[in-house]
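K.L.:
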Amino acid sequence: KATHVPVGEDQKQHLELSRDIAQKFNLDFNAPNFFPLPEPLIEGPGARVMSLKDGQKKMSKSDPADTSRINLTDDADTISKKIRRATTDSDALPSEIAGLADRAEADNLVGIYAALAGLTKVQVLTDFGGKGWAVFKPALADLAVAKLGPISEKMRDLLADPAALDVILERNAARAEAIAAPILAETKQIIGFIPRR
25 KATHVPVGED
35 QKQHLELSRD
45 IAQKFNLDFN
55 APNFFPLPEP
65 LIEGPGARVM
75 SLKDGQKKMS
85 KSDPADTSRI
95 NLTDDADTIS
105 KKIRRATTDS
115 DALPSEIAGL
125 ADRAEADNLV
135 GIYAALAGLT
145 KVQVLTDFGG
155 KGWAVFKPAL
165 ADLAVAKLGP
175 ISEKMRDLLA
185 DPAALDVILE
195 RNAARAEAIA
205 APILAETKQI
215 IGFIPRR
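This is the structure in structure tokens:
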């Protein structure tokens, strides 16, 4: 039973619904804490990544502009090109976080770098403050390729072999069913379902 669920900021309302349902079940069937009330796990600057073309909009696969996002199937060259062509202003990166306040695109790219490098935005600005985009974008592109390239390669390999993908899905469906079956049986017992014979 999940106690914490990794979600983006825009998915919290769905988690709230599951909390409400769990709480109602626990109260209605006098089963305190049977279903835990899951907490959102929203971590770091990568929790909400914005568009590479408009730092005010969330990065989304539904955006018609493919250059606005990094797809998990993008190869290294495509990832690099998208980052190098990301929208920015003409000012150098600030040395302090306050300097990102009215610079959505700069803030977004610094946030992406921070998430990929496991740093804070302050640490990124310590390294790149005062430097221009001609220095920062290639560094971000190299980092993104290093971190996302292996994921992209694995994704393309999986998509190229549908039979292997089906085996993985079946194996994990069986694992999920083995975990869920006892919880479902206990849930049925609590609410009084009588099994068919």
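Each number in our numbering corresponds to the 1-based position in the sequence shown with 24 added. From the three backbone atoms N, C-alpha and C, an ideal C-beta is built for every residue, glycine too.
Between which two residues does the beta strand (DSSP E) harbouring L65 extend?
P.N.:
E63 to L65
K.L.:
Under DSSP, the alpha helix (DSSP H) around V169 begins and ends at which residues?
P.N.:
W157 to A184
K.L.:
Looking only at C-alpha atoms, which of S114, V134 and L51 sits nearest to Q147?
P.N.:
V134
K.L.:
What residues match up with M83 in a beta bridge as DSSP calls it?
P.N.:
BP columns for M83 are empty, so no partner.
K.L.:
Check whether the Cβ atoms of F229 and I214 lie closer than 8 Å to each other.
P.N.:
No statement about residue 229 is possible, as the shown extent of the chain runs from 25 to 221 and does not include it.
K.L.:
How big is the Cα-Cα spacing for I103 and L76?
P.N.:
11 Å
K.L.:
Rounded to whole angstroms, how far is the Cβ of L117 from the Cβ of G154, which I believe are closer than 8 Å?
P.N.:
7 Å
K.L.:
Considering Cα atoms alone, identify which of I192, I66, D166 and G32 is closest to S84.
P.N.:
G32
K.L.:
Cα separation between S86 and D166?
P.N.:
26 Å
K.L.:
Starting from V73, follow the beta strand (DSSP E) in both directions and report where the run begins and ends.
P.N.:
V73 -> no beta strand (DSSP E), and no H or E assigned at all.
K.L.:
Could you have a look at V29 and say whether DSSP puts it in helix, strand or coil?
P.N.:
strand
K.L.:
For the alpha helix (DSSP H) that contains A128, what are its first and last residues?
P.N.:
A128 to A141
K.L.:
Take L164 and list the residues in its own chain whose beta-carbon comes closer than 7 Å to its own, dropping the five residues that flank it on each side.
P.N.:
For L164, where only same-chain residues beyond five positions count, the Cβ hits under 7 Å are I107, L133, I136 and Y137.
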